[in-house]
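If you read the sequences in order, they're chains A and B. Residue numbers are given in this note's numbering: position 40 of the first sequence equals residue 39, and the series is strictly consecutive. Residue numbers are given in this note's numbering: position 72 of the second sequence equals residue 71, and the series is strictly consecutive. A virtual CB, placed ideally from N, CA and C, is assigned to each residue, including glycine.
There are 2 protein chains.
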Amino acid sequence: MTTNLATARAKATSKEEILDAAERLFAKSGFDGTSMREIAQEAGVAQALLHYHFKTKEGLFEAMFSRRSGAINRIRLARLDAMIARGTPTLEEIVDSLLRPTIEAGHDPSRGGSTFASLILVMGASNLDWQKGLISASYDAMAKRYIAALRLALPELTPANATWGYLFIIGAALTQMSPTGRADRLSDGETTDSNTETMLSRAVAFAAAGMRGLAARPDPDTTPGRA
Amino acid sequence: MTTNLATARAKATSKEEILDAAERLFAKSGFDGTSMREIAQEAGVAQALLHYHFKTKEGLFEAMFSRRSGAINRIRLARLDAMIARGTPTLEEIVDSLLRPTIEAGHDPSRGGSTFASLILVMGASNLDWQKGLISASYDAMAKRYIAALRLALPELTPANATWGYLFIIGAALTQMSPTGRADRLSDGETTDSNTETMLSRAVAFAAAGMRGLAARPDPDTTPGRA
DNA sequence: GTCTATAGTTCGATAGAC
DNA sequence: GTCTATCGAACTATAGAC
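Printed below as a string of structure tokens:
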């Protein structure tokens, strides 16, 4: 049912093949940098078929985006619910369940990272209203559940600090989910960003410690004076 | 000498006005989403003048990007050098000197955040070679100096962990430097992302604690077994 | 559901006057 | 250094056959 890049069947419907092609190309070059012609060619269909199925380029983008973000969020919340049902989870468990599904479901075997992560990043940085609206509609409900879970695991967190912590975690990890070789270069070969598992374990440690650091200080929103 | 958006003179040279217009528009809509016609109109000059000064659209983008990234990196390294000359700086001081210049120099008074931060983000997420090359050429040297400074302040950091920590810090903060109203929405009004100073103080606390958390555990690159 | 063909628009870049 | 005018290419979207 869920169409995972890493496990895609050899023959999907042409509609799914269009969505797969769109995901690859939009992630590589962004919305405006990708043409309907390119997507049609990558999917092996005529350009007119894209308009038949999705009406406009923006419609195709939204269909492609919702398919993947919906699948990722379902996995996230299922794991979060299962953890909470077993008792109060640790910060590390919460962060892992937040980050790992983006790597698993967005995995592209030909590149070794999450193509979908680049996509979210490009959209999040965009200041176009329809893209920001799509981000909100796709993620706000899930984000609020995770912010609540962070406060459950770390009661000293104020609502404001929990919100900022969530945003920092997403930003820190999402920017590192598509291997670029940058970590290899900056460390002179001491590490590599092609191993998503070691990246993820470091992101979890960094994020959990960061949240504890946030919780251990006054809230700058409500503490006047030197910020 | 340095052209700061927040303190720009009423009448700059037309070349600078083109760069300013390009920075605003590229940050809003990305490279492919911005046309030379729009930039010319925003700058109040003829489109042909853009090609006279910068030859191609890519040339204009690189000139715009290098002007701002160069100014920001000079401020960063000057502050880092001054701190080290006074003794070993704290993690918090290092992180502040890394993040604050992007807000100061990239500040857009009409929007309250750093337009330039969105620009770097869009480029970093891009998989286009010339954009990744521009990121490397502009930031790798500075990044290596900061990674060394982090290890100076926190000797337990391995080179690999220091590199990943640096990348996490950049990702966490850069994604939050352009106010989107998302923090306001996710916190139900308990905080706001329109105050860059409280955002920055939280980012510094989160990042410093995250680095200490990274330093306090085995390095997953060199520790086989469950990652 | 899928195709070919094309209408209508917008783009980056250049030529050439001043 | 700055402009007007325009070329040729690429784009989104649609019309209409099968």
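In this structure, does DSSP put residue i in helix, strand or coil?
i: B/S117; result: helix
i: A/F64; result: helix
i: A/A54; result: In the sequence as displayed, the identity of residue 54 of chain A is Lys instead of Ala. In this structure, A/K54 counts as coil in the three-state DSSP scheme.
i: A/R216; result: coil
i: A/S13; result: helix
i: B/G43; result: coil
i: A/R184; result: helix
i: A/D80; result: helix
i: A/N72; result: helix
i: B/T195; result: helix
i: B/D19; result: helix
Along chain A, in chain order, which residues have C-beta atoms closer than 9 Å to that of residue i?
i: B/G212; result: A204, F205, A206, A207, A208, G209, R211 and G212
i: B/V121; result: G29, L120, V121, A124 and S125
i: B/K14; result: Within 9 Å Cβ-Cβ: nothing; B/K14 doesn't reach chain A, min ~25 Å.
i: B/K131; result: T179, G180 and R181
i: B/K56; result: Within chain A, no residue comes near B/K56; the closest Cβ sits about 12 Å away, beyond 9 Å.
Which bits of chain B does residue i rub up against, with CB to CB less than 8 Å?
i: A/I146; result: L185 and S186
i: A/G142; result: Note that residue 142 of chain A corresponds to Ala in the displayed sequence, not to Gly. L185, listed in chain order.
Report the neighbours of residue i on chain A: residues whose CB is nearer than 7 Å to its CB, in chain order.
i: B/A159; result: S186, E189 and T190
i: B/D220; result: T190 and T197
What does a CB cutoff of less than 6 Å around residue i pick up in its chain, not counting 5 residues either side in sequence?
i: B/A21; result: I38, L59 and M63
i: B/S13; result: V44
i: B/N72; result: M141
i: B/T6; result: Residue placement at B/T6 cannot be trusted, given a pLDDT of 46 that sits under 50; what the coordinates show is reported in the next sentence. So the list is empty, once near-sequence residues are dropped.
i: A/T162; result: I146
i: A/L120; result: L173
i: B/F167; result: none
i: A/F53; result: L59 and A62
Between which residues of its own chain and residue i is the CB-CB distance below 7 Å, once the five residues before and five after are set aside?
i: A/S96; result: R75, R78, L79 and M82
i: A/A171; result: A202, F205 and A206
i: B/L24; result: T33, E37, I38 and E41
i: B/K56; result: M35
i: B/P100; result: I71, I74 and R75
i: A/A116; result: T101, G105, L173, M176 and S177
i: B/L18; result: A62, M63 and R66
i: B/R225; result: Reliability fails at B/R225, whose pLDDT of 46 lies under 50, so the model's placement of it is uncertain and no value is given.
i: A/A159; result: D218 and D220
Apart from the five residues just before and just after residue i, which ones in its own chain have a Cβ nearer than 8 Å to its Cβ?
i: A/H50; result: M35
i: B/L156; result: L149, R150, G164, M210, L213 and A214
i: B/R8; result: For B/R8, the predicted structure reports a pLDDT of 49, less than 50, and the residue's modelled location is therefore unreliable. A value from the coordinates is still provided. Same-chain partners within the cutoff: there are none.
i: B/L199; result: D95, L98, R99, I102 and A172
Our contact map puts residue i next to residue j with C-beta atoms below 8 Å; I'd like the distance itself, whole angstroms only.
i: A/D31; j: B/D31; result: 4 Å
i: B/S68; j: B/G112; result: Rounded, the Cβ-Cβ distance is 17 Å, inconsistent with contact.
i: A/A26; j: A/L118; result: 5 Å
Which residues of chain B have a Cβ atom closer than 9 Å to the Cβ of residue i, listed in chain order?
i: A/W163; result: Q175, A182, S186, T190, D192, T197, M198, R201, A202 and F205
i: A/D128; result: Those within 9 Å of A/D128 in chain B number zero; the least Cβ separation is about 11 Å.
i: A/G32; result: G29, F30, D31, G32, S125 and L127
Under 7 Å Cβ-Cβ, which residues of chain B neighbour residue i?
i: A/R216; result: A204
i: A/A171; result: F167, G170 and A171
i: A/D139; result: R184 and L185
Please list, in chain order, the chain A residues whose beta carbon lies closer than 8 Å to that of residue i.
i: B/S117; result: A124, S125 and N126
Practice prompt. Identify every run of the alpha helix (DSSP H) within the region 94 to 175 of chain B, keeping only runs that are complete inside it and at least 4 residues long; order them along the chain.
Written response: 114 to 124, 128 to 152 and 158 to 173
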